[in-house]
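The working numbering puts the first residue of the sequence shown at 116, with every later residue one more than the last. Every residue gets a Cβ at the ideal spot worked out from N, C-alpha and C, and that includes glycine. Written out below as structure tokens is the structure these notes cover.
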Amino acid sequence: MTGKAPLVVVGDALLDRDLTGHADRLAPDAPVPVVADCAERVRPGGAALAAYLAARDGRDVTLVTGLDDGPAGRELRRLLDPWLTVVPLPMSGEVSQKTRVLAQDRPVVRLDHGSGHAREATDEARRALACASAVLVSDYGRGAADTLRAELRRRPPEVWDPHPRGGPPVPGTRLVTPARTEAHGFAAALTEDQDHGGEARAPGGDAPGSELRTVAREAGALVRHWRVAAVTVTLGARGALLSYGEHPLLVPVTAAHHGDPCGAGDRFAAAAAGLLADGALVGEAVEGAVTAATAFVGAGGAGGLLGTEHTAGAVHVGDDPADLIARVRATGGTVVAAGGCFDLLHAGHVGLLQAARRIGDCLVVCVNSDPSVRRRKGEGRPVNPLADRVRVLRALACVDAVAVFDEDTPERLLAELRPDVWVKGGDYAGAELPEAALLEEWGGQAVLLPYLNGRSSTALMARAAEGAR
């Protein structure tokens with residue numbers, strides 16, 4: 116939640132609207148469903164959704180996009196202003212709007228309105244790019260990326276999320292993230308270029324059942340043609356295929372969800388860009404983006420963003436802690452938190468966390484950063500670095516989210532999360548709980564849970580050292 120690198124998003128903002136109702140009959144004048152009792156929900160779309168999701172990750176985000184002063188533009192500003200900084204580009208026409216009509220949460224029809232285009236770059240937009248430590252281009256083919264293409268060539272983005280109506284990514288981009296159908300269309304265009312004397316030809320004509328081979332060959336062709344570092348093709352429920360030109364890596368999904376996939380590509384691009392901005396390798400960023408997009412779909416996709424409902428127990432590993440807590444609280448659920456170093460995870464830890472999860476509707480684990488563990492435990496600790504400790508904790512079915520703190524104690528983090536219950540192991544019995552008074556400030560409660568005797572990371576290390584002699 117802290118120490119995340121800032122991100123500049125360049126692209127085309129849309130305003131998305133869902134009209135959700137129920138349909139139990141057909142219209143008398145045509146064989147179409149009658150959708151009744153519609154509730155309306157608006158949200159950021161396109162590049163605005165990617166920027167909004169990156170900001171919801173706890174990141175400082177600047178969005179450079181075409182924006183007018185019409186009703187849709189004003190509504191977008193209202194939705195985005197609490198979360199990020201908007202640098203508007205002059206537009207011709209109005210901000211584009213997409214309206215989905217859903218019955219029983221399934222799309223019936225989509226209505227598109229507005230064809231606004233960004234006209235030109237501004238000095239403010241150029242300064243934002245010149246100062247950017249990381250850039251995501253979310254190109255929906257409405258001109259924002261094209262107006263700044265010269266600047267983007269000088270400072271290639273970390274991630275370019277392309278659209279068939281947009282231009283190609285600039286050479287040197289670290290990661291391009293087309294969906295399966297988009298990658299196929301781009302590769303087919305290369306084939307047409309070759310047929311007319313172009314440079315590249317994307318292979319095709321593979322037999323049925325060899326889709327992954329086709330995807331890999333198309334992705335490799337795009338890497339070479341675009342002169343980018345890597346292309347990852349998102350494959351929906353199958354995960355994503357990452358190519359650096361050859362020998363692709365298939366990253367499977369972490370869980371199977373059948374929710375609304377609307378916005379999953381934006382979630383993927385925003386997560387990948389954020390991880391690259393924080394120093395992750397491309398492969399690590401793609402793995403993290405697959406996990407984030409999978410959880411996003413499972414939580415209801417873009418349609419579940421604003422005012423989402425929460426069902427007790429239906430939370431998803433890897434959720435942003437603040438977002439998770441807001442969803443649980445929205446339906447009166449109980450938020451439980453527990454903390455520790457979790458350097459060598461053992462049966463005592465697992466038993467404590469399982470018991471803590473049974474107390475409420477979600478469990479957030481607060482884990483010490485590496486410097487914090489070193490100050491508490493001494494040199495040589497932690498044995499396992501933070502990334503490994505977080506990954507192991509997230510793999511536990513009883514853990515819904517993990518938050519990291521750099522201080523010696525978690526008071527600051529607890530003040531941000533404000534859990535209803537704070538859990539400590541029974542080895543604290545008889546000692547004062549320093550967090551108890553803090554929990555009382557918002558009506559929370561610190562409790563002790565029984566702890567398995569004789570289990571500790573220090574004891575494990577001592578036995579391991581004894582066995583090595």
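About 4 Å separates the CB atoms of D276 and A384; that is less than 8 Å, so the two are in contact.
Beyond the five residues adjoining it in sequence on each side, A240 comes within less than 7 Å, by CB distance, of V179, V202, L204, L263 in the same chain, given in chain order. At a cut-off of 3 residues, the continuous stretches assigned as beta strand (DSSP E) that sit fully inside the region 215-249 are 221-228. Around the beta carbon of W557, fewer than 16 other beta carbons sit within 10 angstroms, so the residue counts as exposed.
In this structure, L356 lies away from P367, with their beta-carbon atoms at least 7 Å apart. Contact between V346 and V338 is confirmed by a C-beta separation of about 5 Å, below the 8 Å threshold. In this structure, the straight-line span from the alpha carbon of V224 to that of A165 is close to 23 Å. Between V412 and D375 the beta-carbon gap is near 7 Å, inside 8 Å, which marks them as a contact. With 16 or more other Cβ atoms from the protein chains shown falling within 10 Å of its own Cβ, Q212 counts as buried.
Note on geometry: alpha-carbon atoms of G160 and G378 lie some 8 Å from one another. Looking at the DSSP output, R442 sits in no beta bridge, so it has no partner there. Fully enclosed beta strand (DSSP E) runs of no fewer than 3 residues occupy 151-161, 176-181, 200-204 of the region 144-216, in order along the chain.
Where D276 is concerned, the enclosing beta strand (DSSP E) starts and stops at 274-276. For V346, the enclosing beta strand (DSSP E) has its first and last residue at 346-349. Looking at the DSSP output, Q469 sits in no beta bridge, so it has no partner there. Within its own chain, the residues whose Cβ lies closer than 8 Å to the Cβ of E297, once the five positions on either side in sequence are excluded, are P277, H278, P279, listed in chain order. By the Cβ criterion, the region 179-189 is in contact with the region 124-137, since at least three pairs of Cβ atoms, one from each stretch, lie closer than 8 Å. Minimum Cα-Cα distance from R353 among the listed residues G394, V405, A334, C477 corresponds to V405. With respect to the 7 Å criterion, C481 and L528 are classified as neighbours on the basis of their beta carbons.
In the structure shown, the three-state DSSP call for A414 is coil.
With respect to the C-alpha of A259, the residue from H299, R270, P286, M206 having the closest C-alpha is M206.
Distances from the CA of E235 to each of S248, E266, L226, R506 were compared; the closest alpha carbon is that of E266. Here DSSP, grouped into helix, strand and coil, assigns H137 to strand.
For L564, the enclosing beta strand (DSSP E) stretches over residues 560-564. Assignment of beta-bridge partners to W537 by DSSP yields A452, A561.
Taking C-beta separations shorter than 8 Å and ignoring five residues to either side along the sequence, the partners of E526 in its chain run P549, E550, L553, following chain order.
A contact is defined here as three or more CB-CB pairs under 8 Å, and the region 465-485 meets this definition with respect to the region 496-511. By the criterion of a C-beta distance shorter than 6 Å, R215 is surrounded in its chain by D133, P222, R225, once the five residues flanking it on both sides are discounted. Per DSSP, S358 lies in no alpha helix (DSSP H) segment; the continuous beta strand (DSSP E) that holds it begins and ends at 355-358.
In its chain, beyond the 5 residues on either side, P271 have a beta carbon closer than 6 Å to the beta carbon of G287. Residues R174, D175, V176, T177, A247, S248, A249, A392 of the same chain have their beta carbon placed closer than 8 Å to that of P121, with the five preceding and five following residues left out of the count.
Selection G559, L563, R269, A218 evaluated against A530 yields G559 as nearest (Cα-Cα). Rounded to whole angstroms, the separation of the alpha carbons of G447 and K492 is 38 Å. According to DSSP, N483 shares a beta bridge with F520. Annotation: the continuous beta strand (DSSP E) that includes V125 extends over 122-126.
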